[in-house]
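Below: the structure, in structure tokens.
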Amino acid sequence: MKVLVVGHGAREHALCWRLSQSPSVWGLYCTGGNPGINQIARPVPIEPEDIEELRRFAIAERIDLTVVGPETPLAIGIADEFANVGLTLFGPSRAAAQLEASKIFAKTVMREAGVPTADYAAFNDADTAARHVRALGRPCVVKADGLAFGKGVTVCDSPEQALAAIDEAMVKRRFGLAGESIIVEERLAGEELSFFALCDGNDAIPLGFAQDHKALLDGDRGPNTGGMGAYSPAPRYNDEFAARVMDEIVRPTLRVMAAKGAPYRGVLFAGLMVDGDRINVLEYNVRFGDPECEALMMRFEGDLAETLRAVAHGKAHEANFRLAPQSAVTIVLASEGYPGDYRKGMHITGLERLEGAEPSPAKVKWALDKVRIKVFHAATAVREALLVTDGGRVLAVTALADGLDRAVAAAYEAASLVRFEGMHFRRDIGRRALAALK
Ligand code: AMP
Ligand code: GLY
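The sequence shown begins at 58 in this note's numbering and counts up one residue at a time.
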């Protein structure tokens, strides 16, 4: 089949990479592309948000399956546009994408479904919200209702911090319309975990667990980012635990969404907080996580295109895949200044020592150790025949090996061979999980 991937970061590179290995795929296209993606997929010069143009392209090229990476095209209705003309797309409708696009909607669904989540209250005026925070007397979290590119959540240590967050969102309008309404919720403690399920509207199958590292610096310090690293599986979270998440969280949510006339099709990404025996949902996302997707795709075994097509057609039970039992670890190499301002155009060297035909001592060692290394491009460009940086998160270096300790070691070995001016990455990806294993 011919497949179109929407988006052009490391998540989409990972999806393209697995799709390009699907026996059923003979044509692969990606919106925008990047130098990594362009080695395996044909770039299509259309923006991910230009859904009308994408629909025209998919009709003209007879695309059999479209896979959407980022949330924005879904939130503005790319699935509805495609469905109207009979095109198959993996991703939820505009109504179902509200699970990510509106935190108030998501909370309402969770409540109706009996899904465990932090207590909350919703507000559309700043004074009432402020009064609520003063009366609360407990640590809370302030969240802009709409899509704010990961910046709309403030985890507060004090009422003053919560009041400032309300002011930023509702008075200063830092997130525009996304902050017109907010929720104030109970602050939870525990371990964060990402769970992914492939949902076909009525039924779902578990994909797997991953753990992200959202803070910029080691030890979870510094500002929040899109994600600085991930690993999968998450040790200690086994199939039994996944079955519990499916029963207590995913299936009840699907039932409520179907009853609302917005059946959920696509990948459901549940951000969980686990505290002993208690599992709470922090948020839903309606797409693959980035960098979680890179780690998951590294482990995916099967025909990804057939799997996603079956799920998009309401036949999740026909999906035939497994995740390799090995561990995958992804380390994000970022530009100096990220997640604030950063420069672009820094020359990237060293990738040939990780990938490609050129022999290197590292490659020999990895081959002997049965380690696989793959570098996914997040934001790179080619200028005057040189590979250069082109964004904040630049590369997602991923290793697959027997055991988390080996995968961590291999991913860091690989990352250490790459260079660009100002490059930085976290040195402790997976460290906490390794400590817990011991
Ligand atoms: P979200 O976008 O809702 O996932 O929030 C971003 C981050 O804020 C999460 O990954 C958590 O680290 C943190 N967070 C969100 N909600 C809560 C909560 N109720 N209690 C504690 N931390 C939270
Ligand atoms: N890595 C978290 C996210 O994609 O939202």
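Ideal placement from N, C-alpha and C gives every residue a C-beta, glycine not left out.
Identity of the residue in the options nearest residue i by Cα
i: ASP182; options: ALA175, ALA201, ARG168; result: ALA201
i: PRO263; options: ARG379, PHE477, ALA219, GLU249; result: ARG379
i: PRO173; options: LEU111, THR310, LEU273; result: THR310
i: GLY93; options: GLY487, ARG484, ALA468, THR446; result: THR446
i: GLU248; options: THR406, ILE223, ALA163, ASP332; result: ASP332
i: ALA272; options: PHE139, ILE388, MET314; result: ILE388
i: GLU409; options: ALA419, HIS481, ALA467, PHE345; result: ALA419
i: GLY126; options: ALA140, GLU106, ASN141; result: GLU106
i: GLY279; options: LEU61, LEU494, PHE482; result: PHE482
i: VAL475; options: THR406, THR455, SER392; result: THR406
i: ALA438; options: LYS427, VAL432, ALA456, VAL451; result: VAL451
i: CYS128; options: ASP485, GLY346, MET58; result: Rather than Cys, the amino acid found at residue 128 in this sequence is Glu. Considering only alpha carbons, the answer is GLY346.
i: ASP296; options: PRO320, VAL313, ALA254, GLN78; result: ALA254
i: VAL212; options: GLY194, ARG244, ILE103, VAL228; result: ARG244
i: GLY487; options: GLY479, GLU470, LEU461; result: LEU461
i: GLY148; options: LEU329, THR123, VAL142; result: THR123
i: THR455; options: ARG119, MET58, ARG356, VAL82; result: ARG356
i: ALA186; options: MET227, VAL432, ALA67, ALA170; result: MET227
i: SER79; options: TYR288, GLU363, TRP423; result: GLU363
i: ASP121; options: ALA140, ARG195, MET167, ILE133; result: ALA140
i: ASP275; options: ARG484, VAL60, HIS65, MET58; result: ARG484
i: ALA256; options: ALA153, ILE306, VAL368, SER289; result: Strictly speaking, residue 256 in this sequence is Cys, with Ala absent from that position. Comparing Cα-Cα distances from CYS256 to each of ALA153, ILE306, VAL368, SER289, the minimum goes to VAL368.
Alpha-carbon spacing of residue i relative to residue j, whole angstroms
i: LEU443; j: ILE161; result: 46 Å
i: HIS70; j: ALA385; result: 16 Å
i: GLY413; j: GLY283; result: 28 Å
i: TYR177; j: CYS197; result: 9 Å
i: ARG112; j: GLU415; result: 41 Å
i: LEU491; j: ALA453; result: 21 Å
i: PRO145; j: GLY209; result: Per the sequence shown, the amino acid found at residue 145 is Thr instead of Pro. Approximately 32 Å between the Cα atoms of the pair.
i: ARG463; j: TYR294; result: 19 Å
i: ALA391; j: ALA316; result: 43 Å
i: ALA467; j: LEU353; result: 17 Å
i: PRO348; j: ALA267; result: 9 Å
i: ARG191; j: GLY265; result: 40 Å
i: ALA299; j: GLY328; result: 13 Å
i: GLN155; j: ARG312; result: 15 Å
i: ASP42; j: LEU220; result: The requested residue 42 is not part of the displayed model; the chain covers only 58 to 495.
i: SER527; j: ALA67; result: Outside the displayed range of the chain (58 to 495) lies residue 527, so it cannot be described from this structure.
i: ARG230; j: VAL428; result: 48 Å
i: VAL101; j: LEU494; result: 45 Å
i: GLY143; j: GLY286; result: 38 Å
i: GLY543; j: GLY394; result: No answer is possible for residue 543: the residues shown for the chain start at 58 and end at 495.
As assigned by DSSP and simplified to three states, the class of residue i
i: TYR321; result: strand
i: ASN259; result: coil
i: VAL465; result: helix
i: ASP398; result: coil
i: GLY93; result: coil
i: ILE388; result: strand
i: SER289; result: strand
i: LEU204; result: coil
i: LEU411; result: coil
i: HIS65; result: coil
i: GLU209; result: Per the sequence presented here, residue 209 reads as Gly, with Glu not at that position. Here GLY209 sits in coil by DSSP.
i: VAL279; result: A small fix is needed here, since residue 279 is Gly in this sequence, not Val. Strand.
i: PRO100; result: strand
i: ARG195; result: coil
i: HIS370; result: coil
i: VAL302; result: helix
i: ASP296; result: helix
i: ALA272; result: strand
i: SER82; result: Inspection of the sequence shows that residue 82 is occupied by Val rather than by Ser. If DSSP states are grouped into helix, strand and coil, VAL82 belongs with coil.
i: ALA381; result: coil
i: ALA376; result: coil
Cβ neighbours of residue i in the same chain (closer than 7 Å, five flanking residues each side left out)
i: ARG308; result: ALA261
i: PRO130; result: VAL63, PRO105, GLU106, ILE108
i: GLY359; result: ASN377, PHE378, ARG379
i: LEU250; result: PHE266, GLN268, ALA291, TYR294, LEU329, VAL331
i: SER511; result: In the structure as shown, the chain starts at 58 and stops at 495, and residue 511 therefore has no counterpart that could be examined.
i: GLY90; result: HIS65, ALA98, PRO100
Sequence-distant residues of its chain with Cβ nearer than 6 Å to residue i (five each side left out)
i: LYS496; result: Because the chain here runs from 58 to 495, residue 496 falls outside it and cannot be looked at.
i: ARG99; result: TYR86
i: ASN342; result: GLU157, PHE326
i: GLY179; result: With the sequence shown as reference, residue 179 is identified as Ala, and Gly is not the correct amino acid for it. Hits under 6 Å: ILE161, ILE240.
Residues near residue i by beta carbon distance below 8 Å, same chain, minus five either side
i: ALA205; result: PHE232, ALA235, GLY236
i: PRO396; result: LEU273, PRO280, ASN281, THR282, GLY283, GLY449
Which runs of the beta strand (DSSP E), 3 residues or longer, sit entirely within the stretch 417-489? 429-434, 437-440, 443-446, 450-458
Runs of 3 residues minimum, wholly inside the stretch 213-250: which ones carry the beta strand (DSSP E) assignment? DSSP runs (the beta strand (DSSP E)) wholly in the stretch 213-250: 239-243.
Please give me, in chain order, every unbroken run of the alpha helix (DSSP H) with length at least 4 that falls completely inside the stretch 106-192. 108-117, 128-132, 135-141, 155-158, 160-170
Could you name each continuous beta strand (DSSP E) segment of 3 residues or more that falls completely within the stretch 312-358, going from the start of the chain to the end? 321-332, 335-342
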